[in-house]
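Okay, structure first, notes after.
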Amino acid sequence: MGVKIKEWLGINKNTPYVSHYLEEANIKASIYMAVVVIMLELFMILRTLVKYVILGDESKDLHWVITHFSSYFILITAAIVLLIVSVDYIRKKISSGVHAYAVILAFAAISLSFGMYIASVDYTNGNQVLTFIGMELYIIALISWRPIVSFVLSSSTFIVFRIICQKAAGKEFSEGDRINYFIFWLFMLMVSVSLYHQRRSAALKDEKLLDANKVLEKLSVEDELTGIKNVKYFLENIEKILSDPSVRLSDKIFLFMDVENFKAYNNQYGFHNGNKYLKDLALKLEEIFEDSLVTRQSDDHFMVFTDRKNVFRRIEEVKKHIAENQRDIKQGLKVGGYIPPERKLDPRLGCDRARYACSIIKSSRDRDYLEYDEKMHESFTKRQYIVNNIDNAVNEGWIRVFYQPIIRTESGKVCEFEALARWIDPKYGFLSPADFIPVLESMRQIDKLDRCIFETVCNDIDRIREMGKKVLPVSINISRLDFELMDTVEMLEEGTSRHNIPRECIHLEITESALNEDVTSLDNAVLRLSDKGFNLWLDDFGAGYSSLNVLKDYSFNVVKLDMKFLTNFNERPKAKIIIRNIIKLAEDLEMTTLTEGVETEEQAVFLREIGCEKMQGYLFGKPMAFDNMVKNISDGTYAV
Ligand code: C2E
Ligand code: MG
Ligand code: MG
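Quick note: the sequence shown uses the numbering used here, first residue 1005, plus one each step.
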């Protein structure tokens, strides 16, 4: 038999959800039925009692009174039982619908029998058989029976009723009666079937919605890359744990985990393998920290909220896993810990503190675990302050641009300036880039600063022009993240056009380490920038570890040698050889060379000797405010 026909007849197997839905609907309906029957029968009992017993109406004999009374009692008792069972079911005191259905069925049988009995008496007295009809409607159409059950129940009761009546009256039903009963039976059956299908399709629709919701729910708590729980889930559940009075806070700990050298792994083996690595590690973390909360915060950063008991053994297990999966690149694990001090702690703050502790040992060789403590609190608070106040700093003018001169080696004259950010804070006073740039980068807010610096530089160039002075080019520092966080190319183009500044006047310094990251947006942006005529400088060359690759892959106008080449310049004869060779290599690649951090006359002499074209450093001038720069140029301190 076709599935559709089976479904129509109700001989199919319903899903548990649909069965439960129909069960619940029937039990709710039976509560109404029970209440109505109880009221009606109470009325009938009282009426019979007053009329035939108390007032002594003699139109009915004792037998009549007794049989009617007993019928009312049976019916009211059945209704009361039905009511109790149904209410218990709704209150979830009974879990299975089987009991409830047994009671509904018993109630139906009693009601229908009652209907048949009373109606057959009425029939023999020449009255209408409305009790039977009413009971049929009541029982068959109010409860959603499966169509096949409705058919059997209604047909059998109609046949039995006909037999009872014919027997009691001693004659056959008239043809009119037969047709009327048939039509009524048919209509009632159709009403019942249609109600059943309406409820069933409502149940199916609900079930689909529920399924869709389940999928969405799963997605909403899942980390896209690794499939473990996401940060939202992690934070919400920590909140629950923290507020549970039975949990001892001193037993709990936030862990922030950072996989060492993961970026290098990504570079070496590609994104796809990098992702696989993270997924594998995520699952391992879930396994090691079972019964704990585990999530991936970003990139290769994982967070765990767990019990302090056994925590070191578990961390060791993670490290072991990492070591076992290590390939050519040395991989390790740094962990920061934080014990929640109070129930009202914002879980995000807990994560930040663990992360902060971890960041302190990031480049340490001998430590791989650090717990957040009071000593760290001050610098952490400063860091939070910076993140929370970057908008204020930009809007209130706390961000200033300081200019450091860059000189041409041959002439000894200033040929341009580097714009360096300073934060003059009402609370903390003078903040240097080392205080705020790493924080803004790690919090992905650096674009706000760089946008502000660029705009200030443009305004300063306007001011120089208004003074009728010569405009020197300015180099500004651009963070790798800027290319992710904003349309940097658009910003630079728009700004230079609006201020009518020739593009050659703005030089962009991008640090070498930025270019090691596998970021396609950066590649494109670098190409677009040089297409648009901006001068690109490679900053901090030599500070990273794949410097030569960068030279090969990108075309820069200027290479800026990192100042670390000049540290202990005298004691390290090799440094001189390296600098000499880099300068030579850059020349061959047709790039201009600049060395930063020049502090002594001796260094300057050497750089001049080997042909480094530009120099920058305290020897020539520290970064200074705009007014000082203008003054120094005007009074001839700086020859331009
Ligand atoms: P950088 O771009 O390599 O800038 C050179 C840094 O070296 C500056 O530090 C400068 O003051 C310092 N310096 C210059 N000459 C000497 C010297 O002779 N000896 C010594 N010891 N230091 C010297 P500063 O201003 O503290 O900036 C640090 C870094 O912060 C910069 O390194 C740059 O990477 C970043 N930075 C500064 N301003 C901005 C900015 O507006 N945006 C972004 N994204 N980064 C910035
Ligand atoms: Mg720079
Ligand atoms: Mg530099």
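No residue lacks a Cβ here, since even glycine has one placed at the ideal position from N, Cα and C.
query                                                                                                          : result
Ligand 3 heavy atom lying under 8 angstroms from the CB of K1679                                               : Nothing in the structure corresponds to residue 1679, since the chain is present only between 1005 and 1644.
Beta-carbon proximity check, L1246 vs L1374, cutoff 9 angstroms                                                : no
Residues bridged to A1423 [DSSP beta-bridge criterion]                                                         : Y1407 and I1480
Simplified DSSP assignment, three categories, for G1274                                                        : helix
Proximity of S1158 and M1120 at Cβ, strictly below 9 angstroms                                                 : no
Same chain only: Cβ atoms within 8 angstroms of L1424, ignoring 5 sequence neighbours per side                 : V1405, F1406, Y1407, Q1408, P1437, N1481 and P1627
Contact set, ligand 2 heavy atom to C-beta under 6 angstroms                                                   : E1422, N1481, E1513 and D1543
Identity of the residue in L1453, R1412, L1570 and P1442 nearest W1402 by Cα                                   : L1453
Distance, E1264 Cα to L1337 Cα                                                                                 : 6 angstroms
For V1195 and S1154, the rounded distance between their alpha carbons                                          : 10 angstroms
Cβ-based burial, E1291 [other Cβ within 10 Å; buried from 16]                                                  : exposed
Endpoints, the alpha helix (DSSP H) within which V1091 is located                                              : L1066 to I1094
Spatial distance of K1209 from L1066 (CA atoms)                                                                : 56 angstroms
Buried or exposed (CB count within 10 angstroms, at least 16 for buried), S1367                                : exposed
Proximity test, V1225 beta-carbon vs ligand 5 heavy atom, cut-off 8 angstroms                                  : Absence of ligand 5 is noted for the structure shown, with ligand 1, ligand 2 and ligand 3 being the only ligands found.
Secondary structure of H1503, DSSP reduced to three states                                                     : coil
I1015 burial status per 10 Å Cβ neighbour count (16 or more: buried)                                           : exposed
Beta-carbon proximity of T1604 to F1573, cut-off 9 angstroms                                                   : yes
According to DSSP, residues forming a beta bridge with G1615                                                   : G1615 is not bridged to any residue.
heavy atom of ligand 1 below 8 angstroms from K1618 C-beta                                                     : no
Proximity test, K1564 beta-carbon vs ligand 3 heavy atom, cut-off 8 angstroms                                  : yes
Separation of G1499 from V1391, as counted between CA atoms                                                    : 26 angstroms
Rounded C-alpha distance that separates I1114 from I1144                                                       : 13 angstroms
Inter-residue Cα distance where the pair is R1150 and K1010                                                    : 11 angstroms
Whole runs of the alpha helix (DSSP H) within the region 1089-1149, excluding any shorter than 4 residues      : 1101-1128 and 1134-1140
V1156, DSSP secondary structure in three states                                                                : helix
Neighbourhood of D1332 by C-beta, 8 angstroms cutoff - its chain only, sequence neighbours within 5 removed    : Q1272
Between the CA atoms of V1039 and E1179 - distance to the nearest angstrom                                     : 38 angstroms
Every unbroken beta strand (DSSP E) within the region 1353-1378, with a cutoff of 3 residues, ordered by chain : 1373-1375
8 angstroms contact criterion, which G1340 and A1327 should meet: CB distance rounded                          : Going by Cβ atoms, the distance from G1340 to A1327 rounds to 20 angstroms, so no, they are not a contact pair.
Where the alpha helix (DSSP H) through R1051 begins and ends                                                   : P1020 to T1052
beta-carbon E1591 near ligand 1 non-hydrogen atom, thresh 8 angstroms                                          : no
Exposure label - E1470; buried when at least 16 CB within 10 Å                                                 : exposed
Simplified DSSP assignment, three categories, for R1347                                                        : coil
Rounded C-alpha distance that separates F1487 from D1248                                                       : 43 angstroms
Segment contact, 8 angstroms Cβ cut-off, at least three pairs: the region 1591-1605 with the region 1554-1570  : yes
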